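Using this note's numbering, the letters of the sequence shown map in sequence onto residues 18 to 290.
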Amino acid sequence: MAPWLFACFGRGRGRATASSESPVGNATADLIVEEQRRMGPVLVELFSSQGCGTSPEAEAVATQLGRGGLGGDLPPVAVLGFHVEYWDYRGWKDPFGSSVWTVRQKAYVDALHLDTLYTPQVVINGRAQCVGTDLDAISAALRSVPRFPSPTMQATFQKPAPDTLQVSFTGASGSQVAGRADVMVALFESGLVTDCDKGENKGRVLTNNYVVRRLEKLVSVKGISPKKNLSASLQFTLWDGFNAATCGLLLFVQNSSLHTFGVQQFQIPQDIL
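Set out below in C-alpha cells:
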C-alpha cells in the first residue's frame, strides 16, 4: 500500500462524491417525496481534530446539521464526531482523539477510493464524502444519498457497576441488507468545551458536540430483512465525569462496504440505576 497522504482542508476544497439521479415526472416525484418523508435520518460522520485549524468551522456546521439548523429541503440528520489523533504532533494533543477513529477513517478512504486522509472530512451514509466546511457539497450529498427507514429497536438501560453502562436492544432493523451487516452502537457526548493553548487553534475556546466516546458492535447478521427481530446486549465502560444528560446513543446498520442502512437515536435516562 502507498504511504498515506495527510491534509487539513479549509472551505471550498474538494467536491462531494455522490451518485447522480435521473429526472422523473411530477407524479413519480410526488411519490418519491412522500416516501422520503417516511425515511429515517441520514448519518453524517465528521472526522476532525482540535489540532486542525479548519476543524472548528466544520464542528459548527455539524452542530447546525445535528440540530436541524440548516433547514431547507435537507433530510433529517444524525451526527457523529470522530476525533483523529494524527495532528497531535503539531503541539496540541486532542483530548478526544483516538487512533481507533483514524483506522475507521482509513476504511472510508479505501471504500470511497480516495488517496488522502484529511480533516475536516464528512462521510454521509457511508456513500459520499466531502470537506466538512463545504456547505454546498454537504447539502448536495445529503439530497442525493439513498435513505432508509429507521430501525425499530427498544432499548433497556442498566448500570451493573458505577463505571459500566449496559444496554439491551430488541426489535427490527427496518431495512433489507444482503450479505453480512453489522449493527453498531455509538455512545456520544455533547457540550464539550476545551481551552486550547497550543497548536493551530492556540488561544481559542473549542466547542465540540456529538463526540463519539465509545463505539461497539451490537451484533453481526448475515442477511437482514426489514421485520427480522434482533435481540442483543452490550456494555460501555464509562469515563470520569460521565453525565447521561449530555450523552446519547446512536444505533446504525452498516454492510461490509460501510454503507449505512438505517439510523436510530436513543436518549439515556438520567435516573438510570
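All C-beta atoms in this analysis are idealised placements derived from N, C-alpha and C, irrespective of residue type, glycine included. Just so you know, these numbers come straight off a predicted model, no measurement behind them.
CB-CB length for residue i against residue j, believed under 8 Å
i           : j           : result
residue 268 : residue 170 : 6 Å
residue 189 : residue 247 : 7 Å
residue 150 : residue 78  : 6 Å
Classification of residue i by the beta-carbon crowding that lies within 10 angstroms, buried from 16 upward
i           : result
residue 98  : buried
residue 137 : buried
residue 135 : buried
residue 122 : buried
residue 120 : exposed
residue 200 : buried
residue 240 : exposed
residue 133 : exposed
residue 117 : exposed
residue 111 : buried
Residue span of the beta strand (DSSP E) that contains residue i, given as start and end
i           : result
residue 206 : 194-206
residue 171 : 169-178
residue 146 : 145-148
residue 78  : Per DSSP, residue 78 belongs to no beta strand (DSSP E); it is in the alpha helix (DSSP H), 72-83.
residue 278 : 277-284
residue 240 : 228-241
residue 69  : Counting along the chain, residue 69 falls outside any beta strand (DSSP E), and DSSP gives it neither H nor E.
residue 134 : 133-136
residue 264 : 264-272
residue 259 : No beta strand (DSSP E) contains residue 259, which DSSP labels as neither H nor E.
residue 292 : Outside the modelled stretch of the chain, which goes from 18 to 290, sits residue 292, for which no answer is possible.
residue 87  : Looking at the DSSP string, residue 87 is not in any beta strand (DSSP E), and its letter there is neither H nor E.
residue 129 : No beta strand (DSSP E) contains residue 129, which DSSP labels as neither H nor E.
residue 212 : 209-212
Delimiting residues of the alpha helix (DSSP H) encompassing residue i
i           : result
residue 189 : Where residue 189 is concerned, there is no enclosing alpha helix (DSSP H), although the beta strand (DSSP E) it sits in stretches over 181-189.
residue 159 : 152-161
Is there contact between the segment 200-207 and the segment 228-246, where contact requires at least three CB pairs shorter than 8 Å? Enough Cβ pairs lie closer than 8 Å, so yes.
Kindly provide the ranges of any beta strand (DSSP E) runs that are 3 or more residues long and lie completely inside the segment 94-125, ordered along the chain. 94-100
Whether or not the segment 81-91 and the segment 186-195 are in contact is what I'm after, with contact meaning three or more pairs of Cβ atoms, one per stretch, closer than 8 Å; do they touch? no
Given 8 Å as the limit, is there contact between the segment 159-178 and the segment 134-149, that is, 3 or more CB pairs closer than that? yes
Below 8 Å, how does it come out for the segment 63-72 and the segment 265-283: are there three or more Cβ pairs, yes or no? With the rule of 3 Cβ pairs closer than 8 Å, the segment 63-72 does not count as touching the segment 265-283.
Closer than 8 Å is the cut-off here; do at least three beta carbon pairs connect the segment 180-187 with the segment 237-252? Enough Cβ pairs lie closer than 8 Å, so yes.
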